[in-house]
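Notes follow the structure.
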Amino acid sequence: MADYLDAFGLVFQGYVLLAIAGGTLLGLIMGALPGLTAAMAIALLLPLTFGMPPVMGIGMLLGTLCGAIAGGSVSATLLNIPGTPSSVATTLDAFPMARKGQAGRALGIAIVASFLGGIFSAVVLCVLAPPIAEFALRFGAPEYFALSIFGLVIIASVAKSLIKGLVAGLIGLLLATVGTDPIAGVTRFTYGNYSLLTGINLLPALIGLFAVSQVLADVVDYFKTEKADTSKTKLDKAAPRWLEVIRSWKVLFSSSVIGTIVGAIPGAGGSIASFLSYDQAKKMSKTPEKFGTGHPEGIVASESSNNSLVGGSLIPMLTLGVPGEAATAVLMGGLMIQGIRPGPMLFAEQGAIIYGIFIAFFVANIFMLMFQWFGIRLFVKVLQIPRKLLMAMILVFCVIGVYAVDSDIFNVYLMLGFGVLGYFLNKYGFGTAPVILGLILGPIAESNLRRALLQSGGDWSVFVMRPISLTFLAVALIFLVFTYWQNTRHKTLLT
Amino acid sequence: MKKTMIALSLAVGAAGFTLQSLADSNYPERNIEFIVPWNAGGGADNVVRALQNPVEEVLGTNIVVRNLSGGGGAVGFSRALSAKPDGYVVTIPTNATFTLEGLGNVDFTYTDFEYIARVLVEPYVLAVNSGKGWETLEDLVDHLQENDARLMVGASGVGSSTHVMAVALAEELGVEFDVVPYDSGANAVTAAMGGHIDAVVLNPSEVVSGIESGRLTALVTTGDERSGAISQAPTMLEEGYDFSVSQWRGVAAPKGISQEVEDRWVEAIQSAVESPEFQRAAEMMGSDIMPLYGDELDEFVERTARLMIDEAAKLRQ
């Protein structure tokens, strides 16, 4: 208890609060710009924190992380461009809703869901961090493989057509084989290009498939129809929608749980959490056909889970000293430079600091809500910018953002190539989300399949003899059958 | 006519030469680009950013850190090598510089670099899951040899220097390892803590929290001296093996920089490693400050490079 009181003292100081607020604001802006990820935002601010006291520096970085994830939903909603990989699932319903002239409502729902998801994970972090970390340790290669198969099954549910969705997912899986083989070290499809040695970089693929393809589609549309003046686009009231989110409390709760747990499993490919949540929300829904058309529950599922992911990803970092993904890896670098070595000893030795970090995380979520509350009216005005200007600006941001990933011009070419691919995939109804899922999950599935077999001496029964792995595989199978049944039933109802 | 041409070109050449040496004695006159071939926030990046301030103070110019993280270091190193050898582009050599070459994925060699300094050293550490009950290296080796058993050992990344080192360690100890490459050191540590694999070969900073928590036991390190971060674990030398290899981080430039430029850098690094700011950062990163320059450095590079390249080459089937 004394630790908690000390921790309050560490956080509630003018400069510390200011640093958290500044970090959150910068995170929001960078998250909203396509191409700038949470990890990059943190890396950029990292040198600034060197001279700060630990809680202040980490608070600022945590604010940046929360802000960046939440900011990603703004461009996802308004422009169909996910700012970060975590907000891909948000585009599925938020963008259709915004298209219907309800951009303010879509953002209002996203903001509240993000905030509540973030707070949920913060509570879990304070109360349940050690047992969850213990659970995460039970994940070996077979479990990761089963989890990624479970994730791949979602392709069937996010795509409009089962076959076309699977085709797009397989394109993603195929592209995921480019690069150095994760176990044997043989290079595959790199054609002597150093930039491809570590595989296709996710970010250029993401920005190409979503942003550039959207720009291309809009350019084509522009010449066909939309020469109309956008400056008079009617905007609905832009404000947080508390009631609407709380009404779907079941989705909110289960998505936050999924986000926190997936976040807590190191290397599970965090961005699949929002897809998992979206998928289960759809499965549990009485009206699954509404998903993908601008359904509020879809936004709640994706946004609450991608923000609870943040709290979840802090669990293995703080309790085991193992960062879960890229953004927390940078954050952990920051902690170590501050003289804090994350791990189990931290709770015993520097209780005040660790509780300070917890409190700073709460505060960052509150700042995130406040900034978005005020900002939302400004955000929607983006839709009144003349389209031809907006499209040009987006393309500029995309190029800058993608170049900034590795300062490698090859990534820009890659992005443009994926843009053309994405345009045609969308045009012919394949969708781009399955490609991204394939790209994210392919390497996880492949490397863990091979690690599991390496460890079992080639015995395939490891996947069904271990309870967690068996559960995932069984549920994946049930989901697949269920989706098929849901689709056919829907068709018979229509005819 | 011909003679005037020759005289003229000689004069121009001489002028150019004096201009160049003049430029070198005034070095640095503009910003210096420090290429980090890995992501911001990674181990190498932290070292460069910790060096940045103290080095800037001595050189009196700005160091611009650029992260060029493609291809596991290949992109950044080859970009650094394509720069003019005038000291305005430098990079951070590590054992990865050698393993990339050994794996045959790049077309540069370690001799294309002019090594200016070694700054930090981190040994490799063999740490086992504590639940297995091996307290010392002897326990482990005896167990493996008596039962003709194989040890499941995790490393960070296929072809990484930890992977190479795990293979080399097994050879040296006369036992059999099944090396499982993970995507990162963190993932390998998690697997070892969870008991999914028996052991890891990694650098101290990656395993130290696992050891402090009691889930992992460090059996041996590979440095010349014990590691500051895991001082309880003996070295291979202490255990009676003639084996000493360490991960290291330093400063290198494309071959062909002038002696003046090299001297300025050595001076800057010598002063930087004395700064309390840098010493604190190094301690936090679990690295030991062991600077090396000139001939001693070249000898160290030669010895380490040969071992790393040969062992990495064995991984290519």
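Heads up: the sequence lines are chains A and B, in that order. With the numbering used here, letter number 70 in the first sequence gets 70, and the count goes up by one each step, no holes. With the numbering used here, letter number 270 in the second sequence gets 270, and the count goes up by one each step, no holes. Ideal placement from N, C-alpha and C gives every residue a C-beta, glycine not left out. Every value quoted in this text rests on a predicted model; they were computed, and no experiment measured them.
Do we get a CB-CB distance below 8 Å when we pair A:G333 with the residues of chain B? Locating residue 333 of chain A in the first sequence gives position 333, where the first residue counts as 1. It does; some Cβ of chain B falls within 8 Å.
Closest by C-alpha distance to B:I32, when choosing among B:L51, B:G87 and B:G76: Locating residue 32 of chain B in the second sequence gives position 32, where the first residue counts as 1. Minimum Cα distance to B:I32 is reached at B:G87.
What in chain B is Cβ-close to A:Q372, meaning under 9 Å? Counting from 1 along the first sequence, the entry for residue 372 of chain A is found at position 372. Correct list: empty, because the minimum Cβ distance to chain B is about 26 Å.
Check whether the region 356-374 of chain A touches the region 53-66 of chain A, taking contact to mean three or more Cβ pairs, one atom from each stretch, closer than 8 Å. yes
Would you mind working out which of A:E289, A:A176 and A:F223 sits nearest A:L202, comparing C-alpha positions? Here the question's residue 202 of chain A lines up with position 202 in the first sequence. Here the closest residue by C-alpha is A:A176.
Look at B:A166 and B:V201 and say whether their C-beta atoms are less than 8 Å apart. Mapped onto the second sequence, residue 166 of chain B falls at position 166. Mapped onto the second sequence, residue 201 of chain B falls at position 201. In contact: B:A166 and B:V201 (Cβ atoms closer than 8 Å).
For A:T495, the three-state DSSP class (helix, strand or coil): For the purposes of this step, residue 495 of chain A is taken as residue 495 along the first sequence, with counting starting at 1. The predicted model places A:T495 with a pLDDT of 46, which falls under 50 and marks its position as unreliable, so this point remains unresolved.
Helix, strand or coil at B:A252 [DSSP, three-state]: Along the second sequence, one-based indexing puts residue 252 of chain B at 252. Reduced to three states, the DSSP call for B:A252 is strand.
Exposed or buried, which one is A:T495 when buried takes at least 16 other CB atoms within 10 Å? Position 495 of the first sequence, counting from 1, holds the residue named residue 495 of chain A. Since pLDDT at A:T495 reaches only 46, below the 50 mark, its modelled position is unreliable, and the value read off the structure follows with that caveat. Classification of A:T495: exposed, given that the 10 Å Cβ count is below 16.
Alpha carbon to alpha carbon, what distance is there between A:G259 and A:S304? As a working mapping, residue 304 of chain A is identified with position 304 in the first sequence. As a working mapping, residue 259 of chain A is identified with position 259 in the first sequence. When rounded, the distance between both Cα atoms is 8 Å.
Is there a C-beta anywhere in chain A that falls below 8 Å from the one on B:E299? Against the second sequence, residue 299 of chain B aligns to sequence position 299. With 8 Å as the cut-off, B:E299 does not count as an interface residue toward chain A.
Where the region 178-196 of chain B meets chain A: residues whose CB sits under 7 Å from a CB there: D178, V180, P181, D183, A186, N187, V189, T190, A191, M193, G194 and H196
Taking a Cβ distance cut-off of 9 Å, strictly less, list which residues of the region 274-287 of chain B are near chain A, in chain order. E277, R280, A281, E283, M284, M285 and G286
Please report the straight-line C-alpha distance between A:P47 and B:R49, rounded to a whole angstrom. The residue you call residue 47 of chain A lines up with position 47 of the first sequence. The residue you call residue 49 of chain B lines up with position 49 of the second sequence. Using only the alpha carbons, I get a separation of about 8 Å.
Considering Cα atoms alone, identify which of A:G151, A:P204 and A:I132 is closest to A:G417. Numbered from 1 along the first sequence, position 417 holds the residue referred to as residue 417 of chain A. Cα-wise, what sits closest to A:G417 is A:P204.
Can you check whether the C-beta of B:S213 is within less than 8 Å of a C-beta belonging to chain A? For the purposes of this step, residue 213 of chain B is identified with residue 213 of the second sequence, where counting begins at 1. It does: the Cβ of B:S213 has a partner Cβ on chain A nearer than 8 Å.
Could you spell out the range, first to last residue, of the beta strand (DSSP E) harbouring A:L125? As a first step, residue 125 of chain A is located in the first sequence; it is residue number 125 there, counting from the start. That residue, A:L125, is in no beta strand (DSSP E); its alpha helix (DSSP H) goes A103 to A136.
For B:I116 versus B:V251, is the C-beta distance shorter than 8 Å? The residue you call residue 116 of chain B lines up with position 116 of the second sequence. The residue you call residue 251 of chain B lines up with position 251 of the second sequence. The answer is yes: Cβ separation under 8 Å.
Under 9 Å from the C-beta of B:M152: neighbouring residues of chain A: Numbered from 1 along the second sequence, position 152 holds the residue referred to as residue 152 of chain B. Going along chain A in sequence order, the residues near B:M152 (Cβ under 9 Å) are L454 and Q455.
Run through DSSP, which three-state label would A:G417 get? As a position in the first sequence, residue 417 of chain A is number 417, starting the count at 1. In the structure shown, A:G417 sits in a helix (DSSP, three-state: H, G or I).
Residues of chain B with CB closer than 8 Å to the CB of A:T187, please, in chain order. By one-based count along the first sequence, residue 187 of chain A stands at place 187. The answer, in chain order, is N105.
So A:A54 is in the alpha helix (DSSP H); what residue range does that whole segment cover? For the purposes of this step, residue 54 of chain A is identified with residue 54 of the first sequence, where counting begins at 1. According to the sequence as given, residue 54 of chain A is Pro; it is not Ala. That run of the alpha helix (DSSP H) goes P54 to L79.
Could you tell me the alpha carbon to alpha carbon distance between A:L449 and A:F145, rounded to whole angstroms? Residue numbering aside, residue 449 of chain A sits at position 449 when the first sequence is read from its first letter. Residue numbering aside, residue 145 of chain A sits at position 145 when the first sequence is read from its first letter. Computed Cα separation, rounded: 6 Å.
Taking a Cβ distance cut-off of 9 Å, strictly less, list which residues of the region 48-68 of chain B are near chain A, in chain order. R49, A50, Q52, N53, V65, R66, N67 and L68
Thinking just about the alpha-carbon of each residue, which of A:I366, A:I340 and A:L173 is nearest to the one in A:V112? To locate residue 112 of chain A, count along the first sequence from 1; it is residue 112. Comparing Cα positions, the closest option is A:I366.
Does B:E29 come out as helix, strand or coil in the three-state DSSP assignment? Within the second sequence, the letter at position 29 stands for residue 29 of chain B. The answer is coil: DSSP assigns B:E29 none of H, G, I, E or B.
Could you name the residues of chain A that B:G102 contacts, counting a contact when the two beta carbons are closer than 9 Å? Taking the second sequence and counting its residues from 1, the one referred to as residue 102 of chain B is at position 102. The premise fails here: B:G102 is roughly 11 Å from chain A at the closest Cβ pair, so nothing lies under 9 Å.
To which residues of the same chain is B:S184 closer than 8 Å at the C-beta, ignoring the five residues directly before and after it? On the second sequence, position 184 is the one that residue 184 of chain B refers to. Excluding sequence neighbours, B:S184 sits near S156 and G157.
In terms of residue numbering, what span does the beta strand (DSSP E) encompassing B:P181 cover? For the purposes of this step, residue 181 of chain B is taken as the residue at position 181 of the second sequence. That run of the beta strand (DSSP E) goes E176 to Y182.
What residue range does the alpha helix (DSSP H) around A:D218 cover? Counted from its first residue, the first sequence places residue 218 of chain A at position 218. It spans S213 to K224 - the alpha helix (DSSP H) in which A:D218 sits, taken as one unbroken run.
Answer with buried or exposed for B:Y293, where buried requires no fewer than 16 other C-beta atoms within 10 angstroms of its C-beta. Taking the first residue of the second sequence as 1, we reach residue 293 of chain B at position 293. Buried, by the Cβ-count rule.
Straight-line CA distance for B:F300 to A:F424? Indexing the second sequence from 1 puts residue 300 of chain B at position 300. Indexing the first sequence from 1 puts residue 424 of chain A at position 424. Going by the C-alpha atoms only, they are around 55 Å apart.
Comparing alpha-carbon positions, which option in A:T293, A:T24 and A:I183 lies nearest A:F115? To locate residue 115 of chain A, count along the first sequence from 1; it is residue 115. Out of A:T293, A:T24 and A:I183, A:T24 has the C-alpha closest to the C-alpha of A:F115.
Start-end ranges of the beta strand (DSSP E) lying completely within the region 66-139 of chain B, minimum 3 residues: 89-91, 113-123 and 125-129
In DSSP terms, what B:F34 is bridged to: What you label residue 34 of chain B is simply residue 34 of the second sequence in a count that begins at 1. Looking at the DSSP assignment, B:F34 forms a beta bridge with B:V65 and B:V90.
Considering A:S285, what are the terminal residues of the beta strand (DSSP E) in which it resides? Against the first sequence, residue 285 of chain A aligns to sequence position 285. Run containing A:S285: none; DSSP gives neither H nor E here.
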